[in-house]
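In the UniProt record's numbering, the protein residues as written are 1 to 665. A virtual CB, placed ideally from N, CA and C, is assigned to each residue, including glycine.
So, in structure tokens, the structure goes:
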């Protein structure tokens, strides 16, 4: 009875809507929202994780799925059969450490784990104001004032007890004291640091179990204090769990499918979704976009916009009284990122971090993970950005973040030469694609205003002119003398879509008359970028998409584009998420293209869709285009499977008085 009473109190505590690293919405239901994370044990390895997430684990094992396995998994016996008494859960901010703790508390509160622990005491080191001096009994009483059994009696009985310290780094303890000063009495009042050290070193309550969550950058001092600990690092969401998270977040299967299709077609966003807080960020933005809309075909948020929102969430609770400190920190961080991108470098020595002034405990852990050397290793710690795309984002910021010309990179002087970056990308460094894309996104007026207002960073718009000149120069050099000037690189459309400014797109494309893409696999996000540019391309006279394919769903699926994707299935899926869609739920593959070509200023005369394997489902859209477009004179549909009914639809378009077509192949 006492166990249930205390458990009920702790569950009530864990359900409070505190501000978490993963920023959950109010009244969050853990059962419906919690998605299993990928973990690795003993995180002190050199190898990083997949998907660009730069972890510290060597190989990764997926945590088992199910409603009540989290604590079992954390405290499962090791290879020698020994059950660990101390588990250290390591993860960068936003990786889901606090959510994992809340899941543990929920499972125990429902009685699922009562065979392992009689009592679980959770201490939120970030949120609670702890006394300067306390005994362990005092600490338990303060954190759990509703206990019906005195804390001292619980601790005296030496029952199966689990202490959870969430966000241990927030205490700021050095944990360096002689063992002679440690305590063995749970009622003895000592300085708080000594009381906790006694618990960690097992001179106090040696039979108790500990679960400690901590950031990698704070792991060093804790390691020296523990004995027999087991390290577990959170690496984030696996590919399957990313889709599951979307279905758990949205609950509505149709919206979940729509949002996931949108993200799956954007390689940058999909890769970033390995980070739980980034998945939350993207879902939050897409949920807002879907309010009052039926789809995401006109999503107003670019990839850069989502990255900036993510950055604002990371820095939400920073000290706003000294913006100069943040500005200087970001300048040095961006310099480090850019230097690394140029040199294909993702790992940075501790000396580099200190030399460029990045060793600020209040900021560093949000951006860089620390790899702690194994015992016996004599070299320093090394650091890496949480994800490669984050490093690329900050590398792009390096070129546009205002600094009065005083910034020197950690490895030498790196010039803010935008043209050098662009020309290197154009000639040989295709790995700079994501950095260049972010560069376009950062210099839009919306981005400049958002960064200034929300984060307090000053972005210069001077690079816009260089970007415009480079785009125009680039495509002129690709066009043959005497022929029409054409744009034939898909990345150009992504760059313009990333900036998302009508006037810039008009200026960049105004001198060109032809669009020519060959054998390109166009995801939904590709088609959105293409459509945005076509709508603002007044002089576009000819569109050739020879051998291109149009996809609206998971690019790894082998089924036909018109066959819709289902939701999450299987035991780990969200209840009711497996929903069979009808064909009409997805527009025809060329819906976005045809809609973009309808704009009133269109000068289109020629549309070539040879070898695009178009089917009957495309004919209604093409017929409407034939009927309504005032200038379309030539249409080529070679090697399509239109069928008799598809051709009949085309004929209806040809019969309309508004049709100006002269050549049909």
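Discussion item. Here's the rule I'm using: 16 or more other beta-carbon atoms within 10 Å means buried, otherwise exposed. How should residue 519 be labelled?
Written reply: The residue is exposed, with fewer than 16 neighbouring Cβ atoms inside 10 Å.
Worksheet item: When DSSP labels each residue in this structure, what does residue 260 get in the three-state scheme?
Response: Looking at residue 260 - three-state DSSP - the assignment turns out to be helix.
Discussion item. Taking the beta strand (DSSP E) that residue 138 belongs to, which residues open and close that run?
Written reply: Note, residue 138: premise wrong, no beta strand (DSSP E); alpha helix (DSSP H) at 136-143.
Worksheet item: Using the C-alpha atoms, what's the distance from residue 619 back to residue 312?
Response: A straight line joining the alpha-carbon of residue 312 with that of residue 619 spans about 45 Å.
Worksheet entry | Continuous beta strand (DSSP E) stretch holding residue 164: start and end | Segment 161-166, the beta strand (DSSP E) holding residue 164.
Item to complete: Please go through the same chain and pick out, in chain order, the residues whose beta-carbon is closer than 7 Å to the beta-carbon of residue 434, but skip the five residues on each side of it.
Response: Only 268, 389, 392 meet the Cβ criterion.
Worksheet item: DSSP three-state call for residue 77: helix, strand or coil?
Response: In this structure, residue 77 counts as coil in the three-state DSSP scheme.
Worksheet item: What's the C-alpha gap between residue 221 and residue 232?
Response: Between residue 221 and residue 232, the C-alpha separation is close to 17 Å.
Discussion item. Tell me the rounded alpha-carbon separation between residue 326 and residue 550.
Written reply: Using only the alpha carbons, I get a separation of about 44 Å.
Item to complete: Flag this pair as yes or no: are the beta carbons of residue 540 and residue 604 separated by less than 8 Å?
Response: Judged by beta-carbon spacing, residue 604 lies within the 8 Å limit of residue 540, meaning their Cβ atoms are closer than that value.
Worksheet item: Taking the alpha helix (DSSP H) that residue 312 falls in, what are its first and last residues?
Response: Counting along the chain, the unbroken alpha helix (DSSP H) around residue 312 starts and ends at 303-314.
Discussion item. Tell me which residues share the same chain as residue 69 and place their Cβ nearer than 6 Å to its Cβ, disregarding the 5 neighbours each side in the sequence.
Written reply: The predicted position of residue 69 is uncertain, since its pLDDT is 39 and thus under 50; a value taken from the coordinates is nonetheless stated next. Closer than 6 Å at the Cβ level, and outside the excluded window around residue 69, lies no residue.
Discussion item. I'd like the list of long-range same chain contacts for residue 531, defined as Cβ closer than 6 Å, with 5 residues on each side in sequence excluded.
Written reply: Only 592, 596 meet the Cβ criterion.
Discussion item. For a minimum of 4 consecutive residues, which ranges assigned as the alpha helix (DSSP H) are wholly contained in the stretch 170-234?
Written reply: With a minimum length of 4 residues, the continuous alpha helix (DSSP H) runs that stay inside the stretch 170-234 are 192-200, 219-225.
Discussion item. From the DSSP secondary-structure annotation, give me the bridge partner or partners of residue 369.
Written reply: Paired residues: 384.
Practice prompt. Following the continuous alpha helix (DSSP H) through residue 277, name the residue where it begins and the one where it ends.
Written response: It spans 276-290 - the alpha helix (DSSP H) in which residue 277 sits, taken as one unbroken run.
Fill in: With 16 other Cβ atoms within 10 Å as the buried cut-off, status of residue 526
By the 10 Å Cβ count, residue 526 comes out buried.
Discussion item. What does the alpha-carbon distance come out to for the pair residue 468 and residue 306?
Written reply: Each residue's CA atom was taken as its position, placing residue 468 and residue 306 some 23 Å apart.
Fill in: Limits of the unbroken beta strand (DSSP E) element including residue 634
Per DSSP, the continuous beta strand (DSSP E) segment holding residue 634 begins and ends at 634-636.
Worksheet entry | Distance CB(residue 211)-CB(residue 262) smaller than 8 Å | Against a cut-off of 8 Å, the Cβ pair of residue 262 and residue 211 comes out as no contact.
Discussion item. I need the boundaries of the alpha helix (DSSP H) containing residue 324, first residue and last residue.
Written reply: From DSSP, the alpha helix (DSSP H) with residue 324 extends over 323-342.
Item to complete: Give the C-beta separation of residue 504 and residue 475 to the nearest angstrom, bearing in mind that I take them to be a contact with Cβ-Cβ under 8 Å.
Response: Rounded, the Cβ-Cβ distance is 15 Å, inconsistent with contact.
Worksheet item: Beta carbon of residue 243, beta carbon of residue 260: below 8 Å?
Response: In this structure, residue 260 lies closer than 8 Å to residue 243 by Cβ.
Fill in: The alpha helix (DSSP H) enclosing residue 493, as first and last residue numbers
Boundaries of the alpha helix (DSSP H) harbouring residue 493: 490-499, taken from the DSSP string.
Discussion item. Measuring only from the beta carbon, is residue 272 closer than 7 Å to any heavy atom that is part of the ligand HEM?
Written reply: Of the ligands one can find in the structure shown there are none, so the ligand HEM has no counterpart to examine.
Worksheet entry | Buried versus exposed, by CB contacts within 10 Å (16 or more), residue 102 | Residue 102 should be labelled buried.
Discussion item. Less than 8 Å between the C-beta atoms of residue 464 and residue 508, yes or no?
Written reply: Annotated as distal: residue 464 and residue 508, with beta-carbon spacing of 8 Å or more.
Discussion item. Quick check: what's the CA-CA separation for residue 240 versus residue 627?
Written reply: Pairing residue 240 with residue 627, the inter-Cα distance amounts to about 44 Å.
Worksheet item: If you run the structure through DSSP and keep just helix, strand and coil, what is residue 445?
Response: Judged by DSSP in its simplified three-state form, residue 445 adopts helix.
Worksheet entry | Burial state of residue 510 (16 or more Cβ within 10 Å) | Looking at its Cβ environment, which holds fewer than 16 other Cβ atoms inside 10 Å, residue 510 is exposed.
Worksheet entry | Residue range of the alpha helix (DSSP H) that includes residue 418 | From DSSP, the alpha helix (DSSP H) with residue 418 extends over 418-427.
Discussion item. For residue 82, count the other beta carbons within 10 Å of its own beta carbon; 16 or more makes it buried, fewer makes it exposed. Which is it?
Written reply: Counting Cβ neighbours within 10 Å, residue 82 comes out exposed, since fewer than 16 surround it.
Worksheet entry | residue 119 versus residue 223: straight-line alpha-carbon distance, rounded | For residue 119 and residue 223, the gap between their C-alpha atoms comes out near 25 Å.
Worksheet item: From residue 588 to residue 651, what distance separates their C-alpha atoms?
Response: Those two C-alpha atoms are separated by around 18 Å.
Worksheet entry | Closest Cα partner of residue 98 within the set 122, 108, 117, 75 | Nearest option by C-alpha distance: 122.
Fill in: Same chain, Cβ closer than 6 Å to residue 542, five either side skipped, listed in chain order
Contacts found: 514, 606.
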